[in-house]
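Trainee: Sequence lines, in order, name chains A and U.
Quick note on numbering that gives the first Met the number 0: the first sequence kicks off at 0 and runs consecutively.
Quick note on numbering that gives the first Met the number 0: the second sequence kicks off at 0 and runs consecutively.
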Amino acid sequence: MATTTTIPGTLGGTPESSTPAIRVRDLRKNYGAIQAVRGISMEVAPGEIFGLIGPDGAGKTSTFQILAGVMEATSGVADVFSRPARETRAQTGYLTQSFSLYPDLTVSENIRYIGDLRHVPADEIESRAQRYLWMFDMGRFSNRLAGKLSGGMKQKLSLVAALVPEPHVLLLDEPTTGVDPVSRREFWDALAHLASDGLTILVATPYLDEAERCHRVAFMHLGELQQIGTPSELRSSLHVKRLELRASDLSRAEKILSEESGAREIISDVQRFGDRLDLLARDPLQAEELVNREMKAAGISVSEIRLADPTLENTFVATLRNIGHEMHETPFPARHTHRELKGQIAIGAEQLTMQFGSFTAVNNLQLQVRYGEIYGLLGANGAGKTTTIKMLCGLLDPTRGKVQLAGADRAQSARSQAVRQRIGYMSQKFSLYDDLTIEENLEFFAGVYGVPEDERREKREWVLSFSGLEGKQDLITGSLPGGWKQRVAFGAAIMHEPSVLFLDEPTSGVDPLARRAFWTMINRLADEGTAVLVTTHYLEEAEQCNRLGLMVAGEFVAEGSPSGVKARQTGHLLEFVVDQPQKAADFLKLAGERWRVSLFGDRLHIISDASPEKAIAATTAQLNGIGMNVLEAREGRFSLEDVFISVVERARLQGKVASDDA
Amino acid sequence: MRRILAQTRKELTQIVRDYRTLSLALLLPIFLLLLLGSAISLTVDDLPIVVQDLDNSSASHDYIDAFRASVTLHVVPWPVDLKPEDALTSNQARGALIIPVYFGRDIARGSVAQVQLLVDGSDSNTARLIAGYSSQITQAYNAASGGVVRAQPVQTAMRFWYNPGRSSKKFYGPGIFVLGLSMFPPLLASLAMAKEGEQKTILQVYVSSISAHEFLLGKILAFMLVALGEAVLMCVLLFTYFGLNLAGDPTPFLIATVLYAFCVASFGVMVGAAIPSQAAALQAVALGGFLLVFLLSGLIYPISNIPAGLRWLSNFIWGRYYIEIVRDALLQGGGWPATWYKVLEIAATGAIFYALAWRTMRRMQVKA
Chain A
0 MATTTTIPGT LGGTPESSTP AIRVRDLRKN YGAIQAVRGI SMEVAPGEIF
50 GLIGPDGAGK TSTFQILAGV MEATSGVADV FSRPARETRA QTGYLTQSFS
100 LYPDLTVSEN IRYIGDLRHV PADEIESRAQ RYLWMFDMGR FSNRLAGKLS
150 GGMKQKLSLV AALVPEPHVL LLDEPTTGVD PVSRREFWDA LAHLASDGLT
200 ILVATPYLDE AERCHRVAFM HLGELQQIGT PSELRSSLHV KRLELRASDL
250 SRAEKILSEE SGAREIISDV QRFGDRLDLL ARDPLQAEEL VNREMKAAGI
300 SVSEIRLADP TLENTFVATL RNIGHEMHET PFPARHTHRE LKGQIAIGAE
350 QLTMQFGSFT AVNNLQLQVR YGEIYGLLGA NGAGKTTTIK MLCGLLDPTR
400 GKVQLAGADR AQSARSQAVR QRIGYMSQKF SLYDDLTIEE NLEFFAGVYG
450 VPEDERREKR EWVLSFSGLE GKQDLITGSL PGGWKQRVAF GAAIMHEPSV
500 LFLDEPTSGV DPLARRAFWT MINRLADEGT AVLVTTHYLE EAEQCNRLGL
550 MVAGEFVAEG SPSGVKARQT GHLLEFVVDQ PQKAADFLKL AGERWRVSLF
600 GDRLHIISDA SPEKAIAATT AQLNGIGMNV LEAREGRFSL EDVFISVVER
650 ARLQGKVASD DA
Chain U
0 MRRILAQTRK ELTQIVRDYR TLSLALLLPI FLLLLLGSAI SLTVDDLPIV
50 VQDLDNSSAS HDYIDAFRAS VTLHVVPWPV DLKPEDALTS NQARGALIIP
100 VYFGRDIARG SVAQVQLLVD GSDSNTARLI AGYSSQITQA YNAASGGVVR
150 AQPVQTAMRF WYNPGRSSKK FYGPGIFVLG LSMFPPLLAS LAMAKEGEQK
200 TILQVYVSSI SAHEFLLGKI LAFMLVALGE AVLMCVLLFT YFGLNLAGDP
250 TPFLIATVLY AFCVASFGVM VGAAIPSQAA ALQAVALGGF LLVFLLSGLI
300 YPISNIPAGL RWLSNFIWGR YYIEIVRDAL LQGGGWPATW YKVLEIAATG
350 AIFYALAWRT MRRMQVKA
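(1) Answer yes or no: do Tyr-370 of chain A and Ala-530 of chain A have a C-beta to C-beta separation smaller than 8 Å?
(2) How many angstroms separate the CA atom of Tyr-353 of chain U from the CA atom of Met-70 of chain A?
(3) Do you know whose CA, among U:Gln-364, U:Arg-19, U:Leu-295, lies nearest Leu-190 of chain U's CA?
(4) Taking Cβ positions only, does Ala-410 of chain A come closer than 8 Å to chain U?
(5) What is the DSSP secondary structure of Glu-173 of chain A, counted as helix, strand or coil?
(6) With distances taken Cα to Cα, identify the nearest neighbour of Phe-266 of chain U among U:Asp-248, U:Leu-253, U:Gly-288, U:Ala-279.
(7) In three-state terms, what does DSSP make of Lys-366 of chain U?
(8) Note down, one range per segment and in chain order, each alpha helix (DSSP H) of at least 4 residues found wholly within the segment 60 to 145 of chain A.
(9) Counting only runs that start and end within the segment 204 to 284 of chain U, where is the alpha helix (DSSP H) found for 4 or more residues in a row?
(10) Can you round the beta-carbon distance between Val-153 of chain U and Ala-95 of chain U to whole angstroms, since I take them to be within the 8 Å contact cut?
(11) Examine the Cβ distances between the segment 176 to 195 of chain A and the segment 23 to 36 of chain A and report whether three or more of them are shorter than 8 Å.
(12) Can you confirm whether Ala-89 of chain A, when its beta carbon is compared against all beta carbons of chain U, has any partner nearer than 8 Å?
(13) I need the straight-line Cα distance from Ala-350 of chain U to Ala-272 of chain U, nearest angstrom please.
(14) Determine the direct distance from the alpha carbon of Glu-303 of chain A to that of Thr-359 of chain A, and round the result to whole angstroms.
(15) Measuring alpha carbon to alpha carbon, tell me which of A:Gly-470, A:Ser-464, A:Tyr-131 ends up nearest Phe-489 of chain A.
(16) Three or more C-beta pairs closer than 8 Å, one from the segment 320 to 328 of chain U and one from the segment 247 to 262 of chain U: is that the case here?
(17) Verify the CB distance criterion: does Thr-176 of chain A have a CB-CB separation below 8 Å to chain U?
(18) From the DSSP output, in three-state form, read off Pro-152 of chain U for me.
(19) Under 8 Å, with one C-beta from each stretch per pair, do the segment 48 to 64 of chain U and the segment 195 to 203 of chain U reach the 3-pair mark?
(20) For the beta strand (DSSP E) that Lys-401 of chain A lies in, which residues bound it at each end?
(21) So is Ile-209 of chain U in contact with chain A if we call contact Cβ pairs under 8 Å?
(22) Please tell me whether Ala-513 of chain A has its Cβ less than 8 Å away from any Cβ of chain U.
(23) Could you tell me the boundaries of the alpha helix (DSSP H) in which Tyr-18 of chain U lies?
(24) I want to verify the contact list: residues of chain A whose CB lies under 7 Å from the CB of Lys-199 of chain U, in sequence order.
(25) So with Cβ pairs under 8 Å, would you call Arg-16 of chain U a contact of chain A?
(26) Just verifying my parser: in three-state terms, what is the DSSP assignment at Ile-201 of chain U?
(27) What three-state label does DSSP hand Gln-543 of chain A in the structure shown?
(28) Going by alpha carbons, who is nearest to Val-462 of chain A out of A:Asn-628, A:Glu-288, A:Gln-485, A:Ile-124?
(29) Nearest-angstrom Cα distance between Ala-410 of chain A and Ala-584 of chain A?
(30) Looking at C-beta atoms only, is the number of pairs between the segment 101 to 112 of chain A and the segment 124 to 133 of chain A that lie closer than 8 Å three or more?
(31) For Ile-98 of chain U, count neighbouring Cβ atoms within 10 angstroms of its own Cβ and tell me buried if that reaches 16, exposed if not.
(32) According to DSSP, which residues form a beta bridge with Thr-436 of chain A?
(33) Measure from the C-beta of Tyr-259 of chain U to each C-beta in chain A and report whether the shortest distance is under 8 Å.
(34) Name the DSSP beta bridge partners of Pro-301 of chain U, please?
(35) Which residues bound the alpha helix (DSSP H) around Thr-125 of chain U?
(36) Would you mind working out which of A:Leu-377, A:Asn-321, A:Gln-64, A:Gly-50 sits nearest Gly-228 of chain A, comparing C-alpha positions?
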């Protein structure tokens with residue numbers, strides 16, 4: 000049975016209204032013998048953004064399909080505005096996990112079609128489409144084929160198409176998978192705006208930084224809801240503090256502290272990032288003492304211990320742990336080590352340039368990644384990340400410049416057999432053959448990458464256990480949910496223990512727990528001397544890298560360690576709590592530069608170049624001027640995402656544009 | 000109604016957008032008609048036969064000249080020292096005529112002269128033709144050289160109606176026209192339908208509360224228009240290049256064409272709905288639309304030639320009735336009395352396809 004821990008106070012905390020927009024009572028869905036949804040109950044109030052979070056296979060998509068009225072429930076109630084979901088389809092907008100509009104129709108044709116199907120008057124379709132396209136800054140793309148839009152644009156188009164019939168409820172199933180940070184923030188700004196106009200939004204997301212922007216969040220696991228509450232309630236329900244530890248030898252520090260940690264110990268959790276460790280502890284003072292003692296004993300110098308609040312991600316992992324769902328770690332059967340290579344240059348690029356006709360995709364890029372290093376390549380869609388990776392691993396010949404890969408320069412051809420044996424590549428799109436079974440896929444890749452015959456069995460078994468698919472090796476790969484496929488693909492890419500590893504958005508669509516297992520594995524490989532080059536849209540994840548390069552329009556605009564990049568950020572991040580957050584955000588966006596303002600749940604983030612005191616005073620005066628009250632204002636700390644967005648926007652102001660706008 | 004039209008417009012936009020689809024829809028039927036319409040021909044001429052003249056007399060030369068005069072056969076000289084069967088095995092000739100020594104002498108004596116004709120029987124149709132023509136030529140030679148002439152009590156005067164020149168173009172043209180209509184519109188319809196399932200766009204359709212009837216009719220209407228467009232283009236070709244004309248009342252043909260367009264579009268949509276994979280749907284339509292219509296509809300071989308065990312199948316082949324209607328309209332001109340029940344058969348088949356498609360789609364929900 001579902002044991003839902005409703006945190007006290009949440010019921011009263013929901014937005015005011017007597018009839019819920021969405022009411023789910025003891026909902027169940029079985030596929031044959033498999034129980035996908037096992038009796039969930041929840042209510043979503045009108046105008047609320049309600050987040051559904053859970054690992055892959057938790058039953059989120061089934062719940063969405065039932066609420067959208069496109070699938071029948073096995074039993075239970077799924078009402079939208081007090082009527083069965085199936086009957087209220089006309090009031091529901093549904094964004095599916097993958098893009099479900101027509102790639103061979105233009106933006107406006109897609110909108111027209113959806114509008115017609117829903118009996119929206121023709122002139123209304125026209126005017127609403129214009130309004131929403133303008134709102135999402137897509138007006139100039141109305142005649143572009145949907146298939147030619149970038150991932151972020153596609154999702155925005157889906158949203159526009161869903162909004163044109165003016166639904167009362169929006170169901171969004173992982174809407175931002177594969178969408179770059181800038182578009183993601185715009186997307187969420189738009190959602191906040193719509194919710195303040197009274198639209199009810201139910202959204203599933205694997206990214207917990209997005210969950211922070213929901214009014215309430217529910218954790219779903221194995222078809223049951225585990226916890227419902229506002230993000231801050233969930234965070235405080237853990238009763239722990241987070242310690243950020245910066246030290247000289249993170250790898251060893253992690254090992255030592257992991258041995259000390261446990262559910263009953265002082266330190267309950269240790270997680271490694273690119274240049275720090277995150278520790279969770281009930282009593283921070285005791286924990287700090289313990290850390291200092293242990294580090295001293297091991298001869299590791301501690302440069303900083305900083306106290307912070309736990310993140311939703313911490314909460315999520317802890318919750319899953321409490322119910323006994325832990326990523327059991329099967330140690331990787333490493334047979335080869337690249338430790339002796341550490342410190343040497345694994346990937347090098349000088350003046351790397353790629354031109355497609357008159358368009359310069361990559362311009363004069365310098366890059367060095369050493370063995371044992373994790374390098375993150377960040378950038379919006381169309382910034383040139385994938386082109387860069389393709390040139391680095393020899394799939395594409397650069398127009399100009401030199402590439403050095405795994406000890407061979409381009410003259411020797413990075414495509415040679417010997418070099419290929421040493422690199423691993425996991426691409427964004429292609430990874431596995433959908434029509435083969437998992438076992439057959441693994442066997443195939445073990446064969447192509449030349450995994451020695453006697454190691455194949457243990458490697459295959461490791462991939463299965465890493466993916467949590469033991470005993471399911473005979474499933475057809477195409478039938479797996481996206482997140483699981485990613486895990487198998489990742490496993491397949493490292494079976495031959497490459498010394499250089501390219502990962503192109505490896506974790507898109509993967510749940511937090513699995514993502515953590517990915518990064519544990521990536522760190523372990525790096526410790527063994529593997530050079531890792533990774534691209535990601537998720538900046539929380541970029542914190543895991545040792546060094547970062549931020550790309551805009553084919554060039555690096557910032558490079559360095561995560562803390563370094565953040566420290567070099569000019570300007571200040573200000574956090575405001577006001578009584579009418581959405582109105583305030585709209586007003587400030589119009590008054591100043593759009594990108595400087597964004598709304599996180601009930602808090603406003605403003606990036607200002609002036610000194611914090613001055614900026615707070617100025618903004619407060621501005622808001623008071625239109626009759627709004629500022630309840631709280633303080634300087635906050637930049638997240639990597641804030642840095643990314645301001646860097647990209649500043650570059651854009653200087654005339655550098657992404658290829659999307661071309 | 001508005002949703003049906005919206006659906007139709009969307010389908011047509013998609014077809015027009017992709018030039019490959021568009022050419023598949025419009026150019027390939029024309030190409031098929033030109034190619035098959037002119038290439039298929041069961042009247043043969045210039046069949047090579049070798050002649051080995053062991054007698055080499057004036058009588059044998061006369062006899063060989065009679066063969067030379069034939070349009071159907073083409074005489075290839077063959078040296079006496081080579082085995083005539085080599086000409087057959089090396090495919091230089093389809094038959095071999097061997098004239099023994101004393102051929103001239105036997106004729107002069109008035110006794111019966113024997114000649115030998117070896118025919119390559121591997122292609123039975125051609126073999127029958129060679130045998131037939133050879134005995135006709137021999138009969139004519141006998142008559143001319145004053146052999147025994149019997150009185151002929153019955154004489155047939157043959158006239159070929161409807162297609163006096165016995166042009167095979169006029170016979171096959173209408174058949175290929177039907178084949179084109181049976182193949183391309185359902186192919187496109189099934190691909191479009193399967194694509195909705197494959198690309199998951201069907202979810203947006205499900206969530207929009209459009210009914211299964213509206214959705215199916217919208218799609219079918221679009222591909223009916225494609226079929227009718229093809230029909231018009233191919234008709235232009237039939238009336239010009241193939242030299243056909245309407246014979247008699249055209250209304251059964253016009254009505255049957257609209258119904259047939261509905262029938263094939265429904266067939267495609269039905270297949271696409273049942274098999275949500277483009278590759279598999281394509282195979283199914285290729286089997287149903289092409290193979291069955293090609294083999295079992297009387298397009299090339301008369302239905303009476305189909306072995307009795309399989310002949311009943313042709314009653315279920317929708318193309319068969321339409322071929323008969325088209326041939327009637329363009330050649331025989333029998334009008335309604337000759338075709339009314341065939342028009343009904345087409346309508347009924349279309350209705351069955353539609354009902355099956357609706358059965359698959361009726362819930363407009365994800366199957367689970």
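All C-beta atoms in this analysis are idealised placements derived from N, C-alpha and C, irrespective of residue type, glycine included.
Mentor: Taking the definition as stated:
(1) Position 371 of the first sequence, counted from the first residue, corresponds to residue 370 of chain A. Position 531 of the first sequence, counted from the first residue, corresponds to residue 530 of chain A. Yes, they are a contact pair.
(2) Translated into positions along the second sequence, residue 353 of chain U becomes position 354. Translated into positions along the first sequence, residue 70 of chain A becomes position 71. Whole-angstrom Cα-Cα distance: 23 Å.
(3) As a working mapping, residue 190 of chain U is identified with position 191 in the second sequence. That would be U:Arg-19, whose Cα lies nearest to the Cα of Leu-190 of chain U.
(4) For the purposes of this step, residue 410 of chain A is taken as the residue at position 411 of the first sequence. With a pLDDT of 48 at Ala-410 of chain A, under the threshold of 50, the modelled position of that residue is not reliable, and no figure is offered here.
(5) In the first sequence, the residue the question calls residue 173 of chain A occupies position 174. In this structure, Glu-173 of chain A counts as coil in the three-state DSSP scheme.
(6) Numbered from its first residue, the second sequence carries residue 266 of chain U at position 267. Nearest option by C-alpha distance: U:Gly-288.
(7) Position 367 of the second sequence holds residue 366 of chain U. Three-state DSSP puts Lys-366 of chain U in coil, outside helix and strand.
(8) 106 to 116, 121 to 134
(9) 211 to 239, 250 to 273, 277 to 284
(10) As a working note, residue 153 of chain U is residue 154 in the second sequence. As a working note, residue 95 of chain U is residue 96 in the second sequence. In fact, because the Cβ distance is near 35 Å, the residues do not count as touching under 8 Å.
(11) no
(12) For the purposes of this step, residue 89 of chain A is identified with residue 90 of the first sequence, where counting begins at 1. So, interface residue.
(13) Along the second sequence, read from residue 1 onward, the residue named residue 350 of chain U stands at position 351. Along the second sequence, read from residue 1 onward, the residue named residue 272 of chain U stands at position 273. About 16 Å.
(14) Position 360 of the first sequence, counted from the first residue, corresponds to residue 359 of chain A. Position 304 of the first sequence, counted from the first residue, corresponds to residue 303 of chain A. Each residue's Cα considered, the two are about 42 Å apart.
(15) Taking the first sequence and counting its residues from 1, one reaches residue 489 of chain A at position 490. Taking only the C-alpha atoms, the option nearest Phe-489 of chain A is A:Ser-464.
(16) yes
(17) Position 177 of the first sequence holds residue 176 of chain A. No, no contact with chain U.
(18) Working through the second sequence from its first residue, we reach residue 152 of chain U at position 153. Of the three classes helix, strand and coil, the one that applies to Pro-152 of chain U here is coil, per DSSP.
(19) no
(20) The residue labelled residue 401 of chain A in the question sits at position 402 within the first sequence. Lys-401 of chain A -> beta strand (DSSP E) spans 399 to 404.
(21) As a working mapping, residue 209 of chain U is identified with position 210 in the second sequence. It does: the Cβ of Ile-209 of chain U has a partner Cβ on chain A nearer than 8 Å.
(22) On the first sequence, residue 513 of chain A is found 514 positions in, with the first residue counted as 1. For Ala-513 of chain A, the answer is no, since every Cβ of chain U falls outside 8 Å of its Cβ.
(23) Indexing the second sequence from 1 puts residue 18 of chain U at position 19. Taken as a continuous stretch (DSSP letters only), the alpha helix (DSSP H) holding Tyr-18 of chain U covers 18 to 38.
(24) Here residue 199 of chain U corresponds to residue number 200 of the second sequence, with the count starting at 1. Here the neighbours are Thr-95, Ser-97, Ser-99.
(25) Within the second sequence, numbered from 1, the residue matching residue 16 of chain U stands at position 17. Taking Cβ atoms only, chain A reaches closer than 8 Å to Arg-16 of chain U, which makes this a yes.
(26) To locate residue 201 of chain U, count along the second sequence from 1; it is residue 202. DSSP places Ile-201 of chain U in helix when its eight states are reduced to three.
(27) Indexing the first sequence from 1 puts residue 543 of chain A at position 544. Gln-543 of chain A: coil per DSSP, three-state reduction.
(28) Reading the first sequence from its first residue, position 463 is the one you call residue 462 of chain A. Closest option to Val-462 of chain A, Cα to Cα, is A:Gln-485.
(29) As a first step, residue 410 of chain A must be located in the first sequence, where it is residue number 411. As a first step, residue 584 of chain A must be located in the first sequence, where it is residue number 585. Legend: pLDDT at Ala-410 of chain A = 48, less than 50; position of this residue unreliable, no value from coordinates given.
(30) yes
(31) By one-based count along the second sequence, residue 98 of chain U stands at place 99. Looking at its Cβ environment, which holds 16 or more other Cβ atoms inside 10 Å, Ile-98 of chain U is buried.
(32) Within the first sequence, the letter at position 437 stands for residue 436 of chain A. BP columns for Thr-436 of chain A point to A:Ile-475.
(33) By one-based count along the second sequence, residue 259 of chain U stands at place 260. Chain A, which has no Cβ nearer than 8 Å to the Cβ of Tyr-259 of chain U, makes this no.
(34) As a first step, residue 301 of chain U must be located in the second sequence, where it is residue number 302. Per DSSP, none; premise fails for Pro-301 of chain U.
(35) The count along the second sequence starts at 1 and reaches residue 125 of chain U at position 126. 123 to 143 is the extent of the alpha helix (DSSP H) around Thr-125 of chain U.
(36) Along the first sequence, one-based indexing puts residue 228 of chain A at 229. Of the candidates A:Leu-377, A:Asn-321, A:Gln-64, A:Gly-50, the one whose C-alpha sits nearest the C-alpha of Gly-228 of chain A is A:Gly-50.
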